[in-house]
Structures are given as C-alpha cells and as structure tokens.
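Numbering-wise (my numbering), the sequence shown opens with residue 23 and increments by one. All C-beta atoms in this analysis are idealised placements derived from N, C-alpha and C, irrespective of residue type, glycine included.
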Amino acid sequence: MAGLVVPPPGPEAGARGGTRLERKGRTRRAILDAALMLSEDSGFGALSLRQVAKEVGIVPTAFYRHFDSLEALGLALVEESFESLRAMLRDIRRGDPSYADVVDLSIDTLVEHVHRQRTHFLFIARERAAGPPAVREEVRRDIELCEHDLATDLAALPGTDAWSAADLRILSNLIVTAMVATAEAILNATDPAEEQRVVGTARTQLRMVLIGALNWRSGS
23 MAGLVVPPPG
33 PEAGARGGTR
43 LERKGRTRRA
53 ILDAALMLSE
63 DSGFGALSLR
73 QVAKEVGIVP
83 TAFYRHFDSL
93 EALGLALVEE
103 SFESLRAMLR
113 DIRRGDPSYA
123 DVVDLSIDTL
133 VEHVHRQRTH
143 FLFIARERAA
153 GPPAVREEVR
163 RDIELCEHDL
173 ATDLAALPGT
183 DAWSAADLRI
193 LSNLIVTAMV
203 ATAEAILNAT
213 DPAEEQRVVG
223 TARTQLRMVL
233 IGALNWRSGS
C-alpha cells in the first residue's frame, strides 16, 4: 500500500466528528433549538415528535436516545431557561451589594439575559399560560425556586433579621413577579425607547417595594 494518499476530510466529516458523547450532545442541542423554533407559531402543545425529528434531520426513533417524550423535551427547555438566570442573580446578591445595587444589577442582568436568550423567554412567556400542564407546572416550580433563592438571600441583608419567613417569601414573590412581568414587557417592546421606559419603570417599582419593605416589621 506504499504511496497511498489519504485525502483530507471534507466539511461533513468535521460536522460528524468528535466523540460519540460530543455528537450526542450536538444532536440534543439541535432538538432543543428545533423545538424552540417550531413552537413559536403554534405553541409547544401543538408540536409532534415527527416535526421535531424532521427539522433536526433524524429518524423519529432517534429522538428517544435524547428524551423520553415530548413532555420531557418541554421540561428540559424550561429548566435551561431558568438555570443560568438563577445562577446570575445569585451571584449578584452574594457580592454583598446595597439595596439600590441589588435592584440595578438585577434589572441589568434580566435585560441582558432576555436579549441573550430571547427565544427561551418567549417560550416561557407563552407556555406558562397556554402550554401543556406538565410544562406549566415546571414553569411555576422554577419561578417558586427563584422566590426561594431570593427569600434566603434577603434574610441575610440588614434590616430583615426581625422578619418572619412568611414575610420574606411575600417580599420575594413581589420582586420575582415584577421581574417576570418586566421580562415579558421587554419581549413585547416595539422599539428601544419603549424598552427603556419598561426598564425605568421596573427600577422604580422595585425601589419602591424595597423602601417600603425596609420599614416593615413582621406582626405589624
């Protein structure tokens, strides 16, 4: 076989290359992205497994190597939509900021995250009201986790040491609810000026909530 010349790999080889685990990861990512795109028009509940498989370029049976069902795919989309946002907001509060800084940094982080993961936030905004029951429940659970994280961190801030656990959860619910509404308003903004108004209103709302909260005493 002396003198045999092996041609360089073509572009398709690069796309198919890598370890089996890497290829599986790319296919899983493609399935998630396809589901996000296809659900924009008709909603996740109207998706079929065959639609998703066709968009990705795999046979329907190959879908089950990555997800047990379409419902499991929807739950995975909800989880990844919230996971990085929760981590970023936790990092802000761990920096021992002032109350004003908590508001400003949290709003800035939310705006950045909405722009970076716009399709994910569109998915959450749509499916938390009209999605399949399991997906709606997962959205509700993840919002509750955000509230729990925030209540835990608020308990470490000055002025909240005399608050009851129930009052801390009420405050965290107010803040998270305002942030969810702000994210949806940003998605619906028709131009940068409208988005700036939305963000400015959100900052004022959260500051008003915190000013009132600092003067609150549990049992009042």
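**OP:** Starting from A203, follow the alpha helix (DSSP H) in both directions and report where the run begins and ends.
**Re:** Looking at the DSSP string, the run of the alpha helix (DSSP H) that includes A203 is A187 to N210.
Subject >> Coil, strand or helix - R219 by DSSP >> reply: In the structure shown, R219 adopts helical secondary structure according to DSSP, grouped into three states.
**OP:** State the DSSP-derived secondary structure class of I233, mapped to helix, strand or coil.
**Re:** Here I233 sits in helix by DSSP.
Original post:
Helix, strand or coil: how does DSSP classify H88 here?
Top reply: H88: coil per DSSP, three-state reduction.
Original post:
Nearest-angstrom Cα distance between V124 and A200?
Top reply: In a straight line, the C-alpha of V124 is about 14 Å away from that of A200.
Subject >> Bounding residues of the alpha helix (DSSP H) (the contiguous stretch that carries A52) >> reply: Boundaries of the alpha helix (DSSP H) harbouring A52: R42 to S64, taken from the DSSP string.
Original post:
Near L236, which residues of its chain fall below 6 Å by C-beta distance, leaving aside the five closest residues on each side in sequence?
Top reply: Beyond the five residues adjoining it in sequence on each side, L236 comes within less than 6 Å, by CB distance, of G181 in the same chain, given in chain order.
Subject >> Environment of A187 [buried if 16+ CB atoms lie within 10 Å] >> reply: Counting Cβ neighbours within 10 Å, A187 comes out exposed, since fewer than 16 surround it.
Subject >> Own chain partners of E206 with C-beta closer than 7 Å, once the 5 adjacent residues on each side are dropped >> reply: The residues are A147.
Subject >> Cβ-based burial, R150 [other Cβ within 10 Å; buried from 16] >> reply: So R150 counts as buried.
Original post:
Around the Cβ of T226, are there at least 16 other Cβ atoms within 10 angstroms (buried) or fewer (exposed)?
Top reply: Counting Cβ neighbours within 10 Å, T226 comes out exposed, since fewer than 16 surround it.
Subject >> Distance between L92 and G67 (C-alpha atoms, nearest Å) >> reply: Taking the straight line joining both Cα atoms gives about 9 Å.
Original post:
Are the beta-carbon atoms of D164 and F89 separated by less than 8 Å?
Top reply: No; because the gap between Cβ atoms is not below 8 Å, this pair is not in contact.
Original post:
Just the Cα atoms here: how many angstroms apart are G234 and A224?
Top reply: Going from the Cα of G234 to the Cα of A224 covers about 15 Å.
Original post:
So what's G79 in DSSP terms, helix, strand or just coil?
Top reply: In the structure shown, G79 sits in coil (DSSP, three-state: anything other than H, G, I, E or B).
Original post:
Is it buried or exposed for V220, if we count other Cβ within 10 angstroms and need 16 for buried?
Top reply: V220 sits buried, since 16 or more C-beta atoms from the chains shown fall within 10 Å of its C-beta.
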